[in-house]
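In this text, residue positions in the sequence shown follow the working numbering: the first is 99, and each later residue adds one.
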Amino acid sequence: MIPFIRNDQYNYIREQARTVVHTHKTVQDTDVKLAVQSLTIDKIQDTFKNLSDEQISHLSLINNVVDEETAAIYLSSLREYVIPFPRVTEQILSALFPKSKVKNAPIQQTEFTRISHFSWEDPGTQKRYIVAYPDHKHIGIEGTFSTRTVHGVCALCNHHGPQRLFTARKNHQGNRDTYTKKGNYICVDTVECNERMTSLHYLHEFVQRMT
Ligand SMILES: [Zn+2]
Numbered sequence: 099m100i101p102f103i104r105n106d107q108y109n110y111i112r113e114q115a116r117t118v119v120h121t122h123k124t125v126q127d128t129d130v131k132l133a134v135q136s137l138t139i140d141k142i143q144d145t146f147k148n149l150s151d152e153q154i155s156h157l158s159l160i161n162n163v164v165d166e167e168t169a170a171i172y173l174s175s176l177r178e179y180v181i182p183f184p185r186v187t188e189q190i191l192s193a194l195f196p197k198s199k200v201k202n203a204p205i206q207q208t209e210f211t212r213i214s215h216f217s218w219e220d221p222g223t224q225k226r227y228i229v230a231y232p233d234h235k236h237i238g239i240e241g242t243f244s245t246r247t248v249h250g251v252c253a254l255c256n257h258h259g260p261q262r263l264f265t266a267r268k269n270h271q272g273n274r275d276t277y278t279k280k281g282n283y284i285c286v287d288t289v290e291c292n293e294r295m296t297s298l299h300y301l302h303e304f305v306q307r308m309t
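As structure tokens, then:
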């Protein structure tokens, strides 16, 4: 079976597995447990478009999850089916950010099966770079990244955590000299942000707003 699970889908499944474990800990009634199980499989399947029978039967192994240990076994069995984020190279980054030095980008240090966006910070210039892949191509957005941390909801992953203001220029169509500045709060820690992504919805909405 070839990889078929995106990072955000994997994170969503992990969230569901946690709910199942919690149900087994707190609920005695077998009928309720079974209802939660079947609802969970429906929810997981709904995040995919076309699943083969083999893929469905693998995802349905969540039926074996009853505690932390069985959840860990289930989740690690899915790991090999996670699709990596489309390949990022220094060449691609130089094309996306022609005016910036992209040498500091952590290409080697990144586990591409664990990200939905490739982002890094250049502390020297207080810049944050974000690469997403919304419509079968890489899109790059660069902006300044404030040093002041607040607690809030991230525009990329839509989860709570420490945030900082990311401000980027949006050029007006056909005119490079006029632009609007747009600010969004995003997670300080990009590894955590990627781990919190349970859908691509907010990330792609962000890309649309900023480009
Ligand atoms: Zn985030």
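C-beta: ideal position from N, C-alpha, C; glycine also.
Quick caveat: nothing in here was measured; it's all calculated off a predicted structure.
For Ile228, the CB stays at least 7 Å from every heavy atom of ligand 1. Judged by DSSP secondary structure, Lys225 falls within the beta strand (DSSP E) whose first and last residues are 225-230. When the alpha-carbon of Phe210 is set against those of Thr223, Val186, Lys197, Asp233, the nearest one is in Val186.
Distance from the C-beta of Leu254 to the nearest heavy atom of ligand 1 is below 7 Å. With distances taken between CA atoms, Leu176 lies nearest to Ala115 out of Lys147, Asp233, Ala115. Going by DSSP, Ser175 is part of the alpha helix (DSSP H) stretching over 166-177.
At a threshold of 7 Å, Ile284 counts as near ligand 1, since its beta carbon sits closer than that to one of the ligand's heavy atoms. With the rule of 3 Cβ pairs closer than 8 Å, the stretch 253-261 counts as touching the stretch 290-308.
If you look at Ser217, you'll find it in the beta strand (DSSP E) that goes 216-220.
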